[in-house]
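A short worksheet on the structure shown next.
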Amino acid sequence: MPHPRGYHPSERGSRGSHREHYRSRKHNRSWSSGNNRTRRRRREDSDHVRRRRSRTFSRSSSQHSHRKAKRVEDHAEGRLIYHVGDWLQERYEIVSTLGRGTFGRVVQCVDHRRGGTGVALKIVKNVEKCKEAINVLEKINEKDPDNENLCVQMFDWFDYHGHVCISFELLGLSTFDFLKDNNYLPYPVYQVCHMAFQLCQAVKFLHDNKLTHTDLKPENILFVNSDYELTYNLEKKRDEHSVKSTAVRVGDFGSATFDHKHDSTIVSTHHYRAPEVILELGWSQPCDVWSIGCIFFEYCVRFTLFQIHDNRGHLAMMERILGPTPSWMIRKTRKQKHFYQGHENTSAGHYVCENCKPPRQYLTSEAEEHHQLFNLMESMLEYEPAKRLTLGEALQHPFFACLWAEPPNNRYISL
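Quick note: to get this note's numbering, add 362 to the position in the sequence shown (first position is 1).
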């Protein structure tokens, strides 16, 4: 049996580099903002901190006049050094750290100009990388001002001493973190149905506006509220969580790309990478559809479909699970070596032979909705991008028939 998250045992440590931006095991939504708190600041060892710039400021409001002027410091790696209770822009009060990623941090803040509303503030050290993401987020806000298409909503952004800070709506756990915290118990098929429909709707909205997300994975799909019902499984002697509401948002647009700006040859986290990307045949919006098919599998089976990180092994898995690669793709790629070098006697080759099987063999129920879900997945996991299901077609798939009769505003409230 594969590892629940879908790592080959020898590769488990390498997956951490892909957990970016919004991940957190705890989304604590309670905080205190009392004015009489005092905090002791600990200076970092000088070998790990460099003082790149300093600036002092005073609060314009008498309510905060007792706060001392703050010196801005950066970590040696360029990350902003902050502490709980710090204020940014005389507006955002830092409450806790929600997530840590390659390019920065996400913190929970109180936005005192929005009536004390809780927000997620993404603090990014790579200013250049943020410019395109902000363009994408502004485009989303422009095209969807009422946030009807289920993409994470940006409230504001600003430059804080060379760090780009982006304010978002505060959401719950990612669908991956919830799965992990629930001992990798798969989501029930009726919950997968609601989550899958919303994911297709959100990404179709991006595609309709000439955008490709390029980094879809369970970590980047967040519950609006991840509160859950707790039950005890007597047979397995464990607690089990069932999320109360399956309303989700698609997030992390740091790699999202406009149709006219395909600068990168390789996109997507490896587990969710489409064959045309691996073979460097060029990519477009269908690569998102492939990723979504992989996500659906993970939701209902509990581990990733393609549990490997090297290209040759990944392609071997695809052939074992989905059948042979189309001959025209092999002829056209410059990566033909991946198809002719034997791997059967390697550890990866043994793993492929022993653990990979066609998707339908993972069915745990003969119920019609389970077969419909796997039929939908198989249509998304089509080798040839031109033959791959579009998201408009996906939304009309019989798997979602139970949702068509429901009013849009009632579909995702609660289960």
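Backbone N, C-alpha and C define an ideal beta-carbon position, used for all residues, glycine too.
Going by DSSP in three states, Lys579 sits in which element: helix, strand or coil? The residue labelled residue 579 in the question sits at position 217 within the sequence shown. Lys579 falls in the coil class under three-state DSSP.
Per DSSP, Asn595 is paired with what? Here the question's residue 595 lines up with position 233 in the sequence shown. Asn595 is bridged to Arg600.
Other residues of its chain near Phe517: CB distance less than 8 Å, five sequence neighbours each side excluded: Indexing the sequence shown from 1 puts residue 517 at position 155. Closer than 8 Å at the Cβ level, and outside the excluded window around Phe517, lie Asp473, Arg476, Val481, Ser529, Phe530, Glu531.
Can you pull the DSSP bridge partners for Gly616? Position 254 of the sequence shown, counted from the first residue, corresponds to residue 616. None; Gly616 has no bridge partner.
Classify Tyr634 as buried or exposed, calling it buried when 16 or more other Cβ atoms lie within 10 Å of its own Cβ. On the sequence shown, residue 634 is found 272 positions in, with the first residue counted as 1. Buried: at least 16 other Cβ atoms inside 10 Å.
Between which two residues does the beta strand (DSSP E) holding Ser529 run? One-based indexing of the sequence shown puts residue 529 at position 167. 525-531 is the extent of the beta strand (DSSP E) around Ser529.
Nearest neighbour of Asn511, chosen from Lys694, Gly524, Pro550, Asn571 [CA to CA]: The count along the sequence shown starts at 1 and reaches residue 511 at position 149. Comparing Cα positions, the closest option is Asn571.
In terms of residues, what are the limits of the beta strand (DSSP E) holding Ile485? As a position in the sequence shown, residue 485 is number 123, starting the count at 1. Per DSSP, Ile485 belongs to the beta strand (DSSP E) from 479-486.
Check the C-beta distance from Val639 over to Trp645 and give it rounded, since I have them as a contact under 8 Å. Along the sequence shown, read from residue 1 onward, the residue named residue 639 stands at position 277. Along the sequence shown, read from residue 1 onward, the residue named residue 645 stands at position 283. Taking C-beta atoms under 8 Å as the contact rule, Val639 and Trp645 qualify, at a distance of about 5 Å.
Report yes if the CB atom of Ile654 is closer than 7 Å to the CB atom of Met742, and no otherwise. For this step, residue 654 is matched to residue 292 along the sequence shown. For this step, residue 742 is matched to residue 380 along the sequence shown. Yes, the pair counts as a contact, with Cβ atoms nearer than the cut-off.
Within 10 angstroms of the Cβ of Glu716, are there 16 or more other Cβ atoms? Answer buried if so, exposed if not. Within the sequence shown, residue 716 is the residue found at index 354, counting from 1. When all chains shown are included, Glu716 counts as exposed.
Is the distance from the Cβ of Lys579 to the Cβ of Thr537 below 7 Å? For the purposes of this step, residue 579 is taken as the residue at position 217 of the sequence shown. For the purposes of this step, residue 537 is taken as the residue at position 175 of the sequence shown. When the beta-carbon positions are compared, Lys579 and Thr537 stay at least 7 Å from each other.
Could you check where the alpha helix (DSSP H) with Tyr552 kicks off and where it finishes? Position 190 of the sequence shown, counting from 1, holds the residue named residue 552. Run containing Tyr552: 551-570, per the alpha helix (DSSP H) assignment.
Mapping the DSSP letters down to three states, classify Gln470 as helix, strand or coil. Numbered from 1 along the sequence shown, position 108 holds the residue referred to as residue 470. Note: Gln470 maps to strand in three-state DSSP.
Kindly give me the distance between the Cβ atoms of Val554 and Cys662, rounded to whole angstroms, as I take these residues to be in contact under 8 Å. Locating residue 554 in the sequence shown gives position 192, counting from the first residue. Locating residue 662 in the sequence shown gives position 300, counting from the first residue. With a Cβ gap of about 5 Å, Val554 and Cys662 count as contacting.
Please classify Ala763 as buried or exposed, where buried requires at least 16 other C-beta atoms within 10 Å of its C-beta. Translated into positions along the sequence shown, residue 763 becomes position 401. Exposed, because fewer than 16 other Cβ atoms sit within 10 Å of the Cβ of Ala763.
Which residue comes first and which comes last in the beta strand (DSSP E) that contains Arg761? Here residue 761 refers to the residue found at position 399 when the sequence shown is read from its first residue. According to the sequence displayed, residue 761 carries Phe and not Arg. Counted as a single uninterrupted DSSP element, the stretch harbouring Phe761 is not any beta strand (DSSP E), since DSSP gives it neither H nor E.
Beta-carbon gap between Leu684 and Val565 smaller than 7 Å: By 1-based counting over the sequence shown, the position of residue 684 is 322. By 1-based counting over the sequence shown, the position of residue 565 is 203. In this structure, Leu684 keeps its C-beta atom at 7 Å or more from the C-beta atom of Val565.
Three-way DSSP call (helix, strand, coil) for Tyr546 in this model: Working through the sequence shown from its first residue, we reach residue 546 at position 184. If DSSP states are grouped into helix, strand and coil, Tyr546 belongs with coil.
Proximity below 7 Å, CB of Phe701 to CB of Arg722: Translated into positions along the sequence shown, residue 701 becomes position 339. Translated into positions along the sequence shown, residue 722 becomes position 360. No, the Cβ-Cβ distance between Phe701 and Arg722 is not below 7 Å.
Write down the C-beta distance between Ala615 and Leu499 rounded to the nearest angstrom, noting that I regard them as a contact closer than 8 Å. Sequence index remark: in the sequence shown, residue 615 carries index 253 (1-based). Sequence index remark: in the sequence shown, residue 499 carries index 137 (1-based). Residue identity check: residue 615 is Phe in the sequence provided, not Ala. With a contact defined as Cβ atoms closer than 8 Å, Phe615 and Leu499 qualify at about 6 Å.
Going by DSSP, what residues sit across from Thr574 in a beta bridge? What you label residue 574 is simply residue 212 of the sequence shown in a count that begins at 1. Among the bridge pairs identified by DSSP, Thr574 is matched with Thr619.
Who are the near neighbours of Ala618 in its chain, counting only those whose CB is closer than 6 Å to its CB and skipping five residues on each side? For the purposes of this step, residue 618 is identified with residue 256 of the sequence shown, where counting begins at 1. Excluding sequence positions up to five before and after Ala618, its CB lies within less than 6 Å of the CB of Val498, Leu573, His575, all in the same chain and listed in chain order.
Under 7 Å between C-beta atoms of Leu667 and Phe659: On the sequence shown, position 305 is the one that residue 667 refers to. On the sequence shown, position 297 is the one that residue 659 refers to. Between Leu667 and Phe659, the C-beta spacing is below 7 Å.
What would DSSP say about Ile628, mapped onto helix, strand or coil? Within the sequence shown, residue 628 is the residue found at index 266, counting from 1. Here Ile628 sits in coil by DSSP.
Taking Ile496 and Cys513 to be in contact with their CB atoms under 8 Å, please state how far apart those CB atoms are, rounded to whole angstroms. Start at 1 with the first residue of the sequence shown, and residue 496 comes out as number 134. Start at 1 with the first residue of the sequence shown, and residue 513 comes out as number 151. Actually they do not touch by this definition, with Cβ atoms about 14 Å apart.
So Gly466 and Glu455 are supposed to be a Cβ contact under 8 Å. How far apart are they, rounded? In the sequence shown, the residue the question calls residue 466 occupies position 104. In the sequence shown, the residue the question calls residue 455 occupies position 93. Actually they are not in contact, since the Cβ atoms of Gly466 and Glu455 sit about 19 Å apart, beyond 8 Å.
When we look at the beta-carbon of Asn861 and count the other beta-carbons within 10 Å, is it buried (16 or more) or exposed? Since the displayed the chain opens at 363 and closes at 777, residue 861 lies outside it and no answer follows.
Are the CB atoms of Met680 and Val610 within a distance shorter than 7 Å? To locate residue 610, count along the sequence shown from 1; it is residue 248. To locate residue 680, count along the sequence shown from 1; it is residue 318. Between Val610 and Met680, the C-beta spacing is not below 7 Å.
Leaving out five residues before and five after Leu677 in sequence, what residues of the same chain have Cβ atoms less than 6 Å from its Cβ? For the purposes of this step, residue 677 is taken as the residue at position 315 of the sequence shown. Cβ neighbours of Leu677 beyond the five flanking positions: His700.
Regarding Lys697 and the ligand HEM, is the C-beta to nearest heavy atom distance less than 6 Å? This structure does not include the ligand HEM; it has no bound ligands of any sort.
With 16 as the cutoff for other CB atoms within 10 Å, does Glu581 come out buried or exposed? For the purposes of this step, residue 581 is taken as residue 219 along the sequence shown, with counting starting at 1. Result: buried.
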